[in-house]
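Asker: First to last, the protein sequences are chains L and F. Take the first sequence: its position 146, counted from the start at 1, is 146 in our numbering, and no numbers get skipped. Take the second sequence: its position 159, counted from the start at 1, is 159 in our numbering, and no numbers get skipped.
There are 2 protein chains.
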Amino acid sequence: MDVSKDITVHNAPRKAEALMKRMWGKKGVFTCTIGSTLTSTIPGVSDAGDTPELTLYTPSADVELLVHGRTICMDGIPINPGGIPTPATVTMAALALSGMPFHIINGGVKVLPSIPYFDVGGECGRDIRTGDSVSNVHDCYERALIIGDMLARSHDFLVASESCAGGTTTALAVLRAMGLIEENLVSSSSPNNPKELKDSIVKQALETAGISFGDLRMDPLEAIRKVGDPMMPANVGLVVGAARRIPVILGGGTQMTAVLAAALKMDPSIEGNIMVGTTRWLVNDPNSDIVRIVKSIGDLPLAAINLDYRESPHDGLKAYERGYIKEGVGCGGSSIAAVLHSAGEVNCKTLLERIHSDYEKILEMI
Amino acid sequence: MDVSKDITVHNAPRKAEALMKRMWGKKGVFTCTIGSTLTSTIPGVSDAGDTPELTLYTPSADVELLVHGRTICMDGIPINPGGIPTPATVTMAALALSGMPFHIINGGVKVLPSIPYFDVGGECGRDIRTGDSVSNVHDCYERALIIGDMLARSHDFLVASESCAGGTTTALAVLRAMGLIEENLVSSSSPNNPKELKDSIVKQALETAGISFGDLRMDPLEAIRKVGDPMMPANVGLVVGAARRIPVILGGGTQMTAVLAAALKMDPSIEGNIMVGTTRWLVNDPNSDIVRIVKSIGDLPLAAINLDYRESPHDGLKAYERGYIKEGVGCGGSSIAAVLHSAGEVNCKTLLERIHSDYEKILEMI
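What follows is the structure in C-alpha cells.
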C-alpha cells in the first residue's frame with residue numbers, strides 16, 4: 001500500500017498508516033447524515049446556499065445529488081452565493097468510481113429529500129441562541145447506534161459524513177461546552193469566515209443555556225441538546241455503533257470534530273478504529289485549523305485527500321483553491337475511502353477526471 | 001449442501017436447489033417491510049392483533065421486537081385474540097442465531113416504530129373499498145428500488161418480508177386485479193379464515209375501482225394503488241432492486257405472492273434470482289394454497305422451513321400446529337436464510353431451542 005501521492009497524513013501518522021492498511025482493498029460503506037438547524041438562517045452565518053433560507057434546502061439537495069445525480073427539492077444544485085458548486089460533486093465522483101454502497105441518514109431536516117433514507121426520529125434543530133437546540137437527542141443517538149452496528153456487520157469499514165448548513169457554528173458551541181478548545185478555529189464555506197458573528201452567536205447560546213467552558217465535558221449529548229444540531233446525535237451514534245466493530249473514517253472538516261469528540265466521550269474504546277478524513281483544501285485553510293482541533297481531542301489520525309483544482313478549467317472549481325467550500329458531504333472522506341476500497345485503482349487523477357465530466361453535465365442541466 | 005432435513009421444496013425443485021447452492025455459506029441480509037392499511041380495522045378481517053384497532057400497532061410492535069427484543073409502541077407483544085404470539089418470535093431466533101444483519105423498511109404505517117428504519121415516503125393505506133388505497137406508489141417503488149440496489153452491493157443474498165395486518169385481503173385484491181388467480185386461496189392468521197368476508201371486501205374494492213379480473217395485468221403498481229397496501233410498493237421495489245444483482249428470498253405466505261407477481265411483472269429479468277421462502281405450517285394449511293398461487297405466477301421455486309411445534313411445551317406455540325398464525329414477519333424466509341447463511345450451523349433444532357428460550361423470556365415480561 002503506497003497512498004502517499006493521493007493521501008497526506010497530518011496527525012498521528014503511524015496510527016493512520018495502520019488503519020489505512022486495515023481498510024486497503026476492503027469493503028467500505030459511505031454514509032452521509034443530514035440535518036438542518038435554524039442557526040443557518042441567521043444572516044451571514046452560512047454560505048451553504050445562495051440565500052439564508054436556501055441553506056435549509058442544501059442538505060436534502062446534496063443527498064439527492066448523490067442518489068439521483070440531480071436535485072429534486074430545488075432547481076439546480078446547491079451553490080455558494082458566488083456560484084461555486086457543492087462539494088457533493090466530489091463525493092458523487094468518489095462513489096461512482098469506487099462503486100461503494102452508500103446510505104443517507106436523516107438526523108432531522110426542514111425539507112425532506114426525495115430519496116430513501118434511514119430515519120432516526122430527529123427533527124430540524126432550533127437556533128442555538130435558544131439554548132435548547134435539538135429534540136430527541138438520546139433516542140436519535142440510540143437508533144443511529146443500531147444503524148452503525150448493522151452496517152458494521154455487512155462492511156469492513158465505514159465513512160460517516162455530514163451535510164448540515166450552519167454546522168461549524170454549532171460545532172464551535174459544542175466544542176466549547178465540552179471544554180476542548182476555547183479558540184475559534186472552525187472553518188467556513190467562505191474564505192471570509194464570519195468569525196466574530198459565530199463567536200457572538202456561540203457566546204449567546206452558551207449563556208442562555210447556562211454553560212461555561214467545559215461544563216459538559218462529561219455529557220456530550222447534553223451539549224448537543226443545548227447548543228448542537230440534529231446531524232450530531234445521529235452521527236455520534238452511527239460512529240460509535242460502527243467503530244465498536246470496524247474502522248470508521250469521519251469524513252468532514254471542523255464540523256465533524258464535534259462528532260469526533262462526542263463519540264470518543266460516549267465510548268472511549270472506539271479510539272483505535274477512528275480516523276478523520278478531509279481535504280487538502282481544508283487542511284490548507286488559513287482561517288481555520290482542523291489539525292489543532294483534532295489534537296485537542298486526542299492523538300488521533302487525520303488524513304487529507306490531495307485533490308487539487310489549480311489546473312481545473314472551471315472557475316467554480318478553482319474557487320476551492322481560494323478558500324471556498326473546501327469540505328462537506330464527506331467529500332474528503334469519500335475520496336480517501338474510494339482510494340482504499342479500490343486498493344488504489346481510484347486516485348486523485350481519476351477522481352479529478354470524473355469530477356470534471358460530472359460538473360460539465362451539471363452545468364448543462366442548470 | 002444437504003438441507004433436506006430442515007427445508008422442504010414444494011415447487012420448482014431444481015431451481016430451488018440451484019438458488020440455495022448460490023446462497024449456501026454466503027452473506028445474507030434480512031429485511032422486513034412494514035405497512036398498515038385501514039382494511040385491517042374492518043371487524044373480522046384480521047386476527048393480527050387482539051382487537052381491530054390493535055392491528056394498526058402490530059407491524060411496528062413486530063419490528064421493535066426484532067430490533068430491541070421488546071416492544072415499545074405497545075405493552076406486551078402482538079398476539080392473536082387467543083393469546084398466540086407473533087411469528088416475529090421465530091424471526092428473532094433466526095436473526096440472533098445467524099447474526100445476519102437486518103433492516104426495517106417503513107412502507108407506510110399508522111403508528112411509527114421506535115427503531116431506525118428506511119423511509120420511502122409512504123403513508124398508512126386506506127380501506128381498499130375506497131378503490132384508492134395507497135399514496136405515492138411510484139415514488140415508494142422507486143426509492144425502495146435504490147435500497148434494494150444498495151443492499152445488493154453489500155450482500156450475497158437478501159430476504160424480503162412483511163408485517164402488514166389485513167395483508168392477505170389486499171393481496172387477494174391485487175392478485176385478482178392482475179388476473180392471476182380468481183379463486184380465494186389466500187391464508188389467514190386464524191384457522192377460521194374469514195373467506196366470505198374477504199371475498200365481499202375484495203369484490204367491493206374492485207367494483208369501486210372499476211377493475212375486472214385481469215384488467216391491471218400489465219400495471220401492477222396501478223393495481224396496488226387502487227386495491228393494495230403500502231407494504232407492497234416498497235417491497236416490490238426492494239425485491240426488483242436487489243434481485244437484479246443477487247438471489248432474493250421472498251419470505252412470507254400468501255401476502256408476499258402479490259409482491260412476487262408484481263415484481264416479476266415490473267422486471268421479468270429477475271426471475272432466476274427469486275425464491276419464495278415460507279413455513280411448513282403455511283404450506284400445510286388446509287384453508288389456503290400458496291403452492292397453487294405461486295404456480296399461477298410461474299414456475300418459481302418455493303421452499304418451507306420444517307419448524308415443528310408439536311412437541312413444544314407452550315400452548316401458545318402449539319397453536320401454530322392448529323392453523324394459527326403460520327407465517328409473517330418473514331419467519332419462514334429468515335429461518336431458511338439463517339440455515340443458508342450459516343451453511344447449516346443454524347437448523348430447525350437450534351432454532352426451536354432458541355425460540356423456546358426467547359418465548360419464555362417474553363412470557364416473563366408480559
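The C-beta atom is built at its ideal place from N, Cα and C for all residues, glycine as well. Model, not experiment: these values are computed from the prediction.
Taking a cut of 9 angstroms between CB atoms, which residues from the region 91-111 of chain F lie near chain L?
Answerer: In summary, the residues of the region 91-111 of chain F whose CB is separated from some CB of chain L by less than 9 angstroms are Gly99, Met100, Pro101, Phe102, His103, Ile105 and Asn106, in the order they occur in the chain.
Asker: Spatial neighbours of F:Tyr359 within its chain, please: CB distance less than 7 angstroms, with the 5 preceding and 5 following residues excluded, ordered by chain position.
Answerer: Taking the first residue of the second sequence as position 1, residue 359 of chain F is located at position 359. For F:Tyr359, same chain residues with a beta-carbon under 7 angstroms away, outside a window of 5 residues either side, are Pro85, Thr89, His314 and Leu317 in chain order.
Asker: Out of L:Ala319, L:Gly108 and L:Gly251, point me to the one whose CA is closest to L:Phe157's CA.
Answerer: Sequence index remark: in the first sequence, residue 157 of chain L carries index 157 (1-based). Measuring from the Cα of L:Phe157, the nearest candidate turns out to be L:Gly251.
Asker: Going by alpha carbons, who is nearest to L:Val379 out of L:Arg129, L:His155 and L:Val9?
Answerer: Residue 379 of chain L lies beyond the range of chain L shown here (1 to 366); nothing can be said about it.
Asker: Using a cut-off of 7 angstroms between C-beta atoms, extract the partners of F:Phe30 located in chain L.
Answerer: Taking the second sequence and counting its residues from 1, the one referred to as residue 30 of chain F is at position 30. Within 7 angstroms Cβ-Cβ: nothing; F:Phe30 doesn't reach chain L, min ~10 angstroms.
Asker: Confirm, please, whether the CB-CB distance from F:Leu66 to F:Met100 is below 8 angstroms.
Answerer: The count along the second sequence starts at 1 and reaches residue 100 of chain F at position 100. The count along the second sequence starts at 1 and reaches residue 66 of chain F at position 66. Going by C-beta atoms, F:Met100 is not nearer than 8 angstroms to F:Leu66.
Asker: Taking 8 angstroms as the threshold (C-beta atoms), are F:Gly253 and F:Lys203 in contact?
Answerer: Taking the first residue of the second sequence as 1, we reach residue 203 of chain F at position 203. Taking the first residue of the second sequence as 1, we reach residue 253 of chain F at position 253. No, Cβ-Cβ distance for F:Lys203 and F:Gly253 is not below 8 angstroms.
Asker: Drop a sphere of 10 angstroms on the beta-carbon of L:Lys5, count the other beta-carbons inside from all chains shown, and report buried for 16 or more, exposed for fewer.
Answerer: Taking the first residue of the first sequence as 1, we reach residue 5 of chain L at position 5. That one is exposed.
Asker: Look up L:Asn106 in the DSSP assignment and give the residues it is bridged to.
Answerer: To locate residue 106 of chain L, count along the first sequence from 1; it is residue 106. According to DSSP, which records beta bridges pairwise, L:Asn106 is partnered with L:Ile34 and L:Asp119.
Asker: Measuring only between beta-carbons, confirm whether L:Asp267 sits less than 8 angstroms from chain F.
Answerer: As a first step, residue 267 of chain L must be located in the first sequence, where it is residue number 267. The beta carbon of L:Asp267 sits no closer than 8 angstroms to any beta carbon of chain F.
Asker: Going by CA-CA distance only, name the one from F:His68, F:Thr279 and F:His103 that's closest to F:Ala152.
Answerer: For the purposes of this step, residue 152 of chain F is identified with residue 152 of the second sequence, where counting begins at 1. If we check each option's Cα against that of F:Ala152, F:His103 comes out closest.
Asker: If I follow the unbroken alpha helix (DSSP H) through F:Ile293, where does it start and stop?
Answerer: Here residue 293 of chain F corresponds to residue number 293 of the second sequence, with the count starting at 1. Residues Ile290 to Ile297.
Asker: For the beta strand (DSSP E) that contains L:His10, what are its first and last residues?
Answerer: For the purposes of this step, residue 10 of chain L is identified with residue 10 of the first sequence, where counting begins at 1. First-last of the beta strand (DSSP E) with L:His10: Ile7 to Asn11.
Asker: Identify the contact partners of L:Val67 in chain F, using a Cβ-Cβ distance below 7 angstroms as the criterion.
Answerer: For this step, residue 67 of chain L is matched to residue 67 along the first sequence. In chain order: Ile146.
Asker: Apart from the five residues on each side of it in sequence, which residues of its chain come closer than 6 angstroms, Cβ to Cβ, to L:Met74?
Answerer: Here residue 74 of chain L refers to the residue found at position 74 of the first sequence. Excluding positions up to five away in sequence, the list reads Tyr57 and Ala61.
Asker: Just to confirm my understanding: we take L:Gly333, look at its own chain, exclude 5 residues before and 5 after, and list those with CB closer than 6 angstroms. What are they?
Answerer: Reading the first sequence from its first residue, position 333 is the one you call residue 333 of chain L. These residues qualify, in order along the chain: Val159, Ser161, Ile249, Gly251 and Gly277.
Asker: Provide the residue span of the beta strand (DSSP E) that contains L:Thr41, from first to last.
Answerer: Stepping through the first sequence from its first residue, residue 41 of chain L is reached at position 41. Note, L:Thr41: premise wrong, no beta strand (DSSP E); not H, not E.
Asker: For F:His138 and F:Lys27, which I take to be in contact (beta-carbon distance under 8 angstroms), what is that distance rounded to the nearest angstrom?
Answerer: The sequence position of residue 138 of chain F within the second sequence is 138, counting from 1. The sequence position of residue 27 of chain F within the second sequence is 27, counting from 1. Their Cβ separation, rounded to whole angstroms, is 31 angstroms, which puts F:His138 and F:Lys27 out of contact at 8 angstroms.
Asker: The alpha helix (DSSP H) spanning F:Met231 covers which residue range?
Answerer: Taking the second sequence and counting its residues from 1, the one referred to as residue 231 of chain F is at position 231. Note, F:Met231: alpha helix (DSSP H), Met231 to Ala243.
Asker: Using beta-carbon positions only, say whether F:Met178 and F:Ala261 come within less than 8 angstroms of one another.
Answerer: In the second sequence, the residue the question calls residue 178 of chain F occupies position 178. In the second sequence, the residue the question calls residue 261 of chain F occupies position 261. It is a contact, given that the beta carbons lie within the stated cut-off.
Asker: Should L:Ile115 be flagged as near chain A, meaning a C-beta pair shorter than 8 angstroms?
Answerer: Although the question refers to chain A, the structure presented lacks it and instead comprises the protein chains L and F.
Asker: From the beta carbon of L:Asp156, is the nearest beta carbon of chain F less than 8 angstroms away?
Answerer: The residue you call residue 156 of chain L lines up with position 156 of the first sequence. Not closer than 8 angstroms to any Cβ of chain F, the Cβ of L:Asp156 fails to qualify, so no.
Asker: Please name the residue, chosen from L:Glu353, L:Ile42 and L:Cys331, that lies closest to L:Glu311 on a Cα-to-Cα basis.
Answerer: As a working mapping, residue 311 of chain L is identified with position 311 in the first sequence. Closest option to L:Glu311, Cα to Cα, is L:Glu353.
Asker: If we count the other Cβ atoms within 10 Å of its Cβ and call it buried at 16 or more, is L:Glu196 buried or exposed?
Answerer: If you number the first sequence from 1, residue 196 of chain L lands on position 196. That one is exposed.
Asker: Roughly how many angstroms separate the alpha carbons of L:Thr71 and L:Asp47, rounded to a whole number?
Answerer: Translated into the one-based positions of the first sequence, residue 71 of chain L becomes position 71. Translated into the one-based positions of the first sequence, residue 47 of chain L becomes position 47. Roughly 19 angstroms separates the two Cα atoms.
Asker: Roughly how many whole angstroms lie between the Cα atoms of L:Met20 and F:Ser335?
Answerer: Here residue 20 of chain L is taken as the residue at index 20 of the first sequence, counted from 1. Here residue 335 of chain F is taken as the residue at index 335 of the second sequence, counted from 1. Rounded to the nearest angstrom, the two C-alpha atoms are 37 angstroms apart.
Asker: Could you tell me whether any Cβ in chain L is nearer than 8 angstroms to the Cβ of F:Met150?
Answerer: Position 150 of the second sequence, counting from 1, holds the residue named residue 150 of chain F. Yes - at least one Cβ of chain L is within 8 angstroms of the one on F:Met150.
Asker: Can you list the residues of chain L that F:Arg70 reaches, using a CB-CB cut of under 8 angstroms?
Answerer: Taking the first residue of the second sequence as 1, we reach residue 70 of chain F at position 70. Those do not exist, as F:Arg70 stays about 14 angstroms from chain L at its closest Cβ, beyond 8 angstroms.
Asker: Which first and last residues belong to the beta strand (DSSP E) in which F:Ala261 is found?
Answerer: What you label residue 261 of chain F is simply residue 261 of the second sequence in a count that begins at 1. Looking at the DSSP string, F:Ala261 is not in any beta strand (DSSP E); the run it does join, the alpha helix (DSSP H), is Thr254 to Met266.
Asker: Using a Cβ-Cβ cut-off of 8 angstroms, state whether L:Arg153 counts as contacting chain F.
Answerer: Your numbering for residue 153 of chain L matches position 153 in the first sequence. With 8 angstroms as the cut-off, L:Arg153 counts as an interface residue toward chain F.
Asker: Within a Cβ cutoff of 8 angstroms, which residues of the same chain sit near L:Thr350, ignoring the five residues on either side of it in sequence?
Answerer: Taking the first sequence and counting its residues from 1, one reaches residue 350 of chain L at position 350. So the list reads Leu97, once near-sequence residues are dropped.
Asker: Identify the continuous beta strand (DSSP E) that holds L:Ala304 and give its terminal residues.
Answerer: Numbered from 1 along the first sequence, position 304 holds the residue referred to as residue 304 of chain L. Taken as a continuous stretch (DSSP letters only), the beta strand (DSSP E) holding L:Ala304 covers Leu302 to Ile305.
Asker: Does the count of Cβ pairs from the region 174-191 of chain L and the region 278-291 of chain L closer than 8 angstroms reach three?
Answerer: yes
Asker: What are the residues that DSSP puts in a beta bridge with F:Met275?
Answerer: For the purposes of this step, residue 275 of chain F is identified with residue 275 of the second sequence, where counting begins at 1. Answer is F:Ile249, bridged to F:Met275.
Asker: Leaving out five residues on either side along the sequence, give the residues of the same chain with a beta carbon under 7 angstroms from the beta carbon of L:Val240.
Answerer: Indexing the first sequence from 1 puts residue 240 of chain L at position 240. Residues of the same chain with a CB within less than 7 angstroms of the CB of L:Val240, apart from the 5 flanking positions on each side, are Leu145, Gly148, Ala263, Met266, Asp267 and Ile270 in chain order.
Asker: Rounded to a whole number of angstroms, what is the C-alpha to C-alpha distance between L:Pro247 and L:Leu340?
Answerer: Reading the first sequence from its first residue, position 247 is the one you call residue 247 of chain L. Reading the first sequence from its first residue, position 340 is the one you call residue 340 of chain L. When rounded, the distance between both Cα atoms is 12 angstroms.
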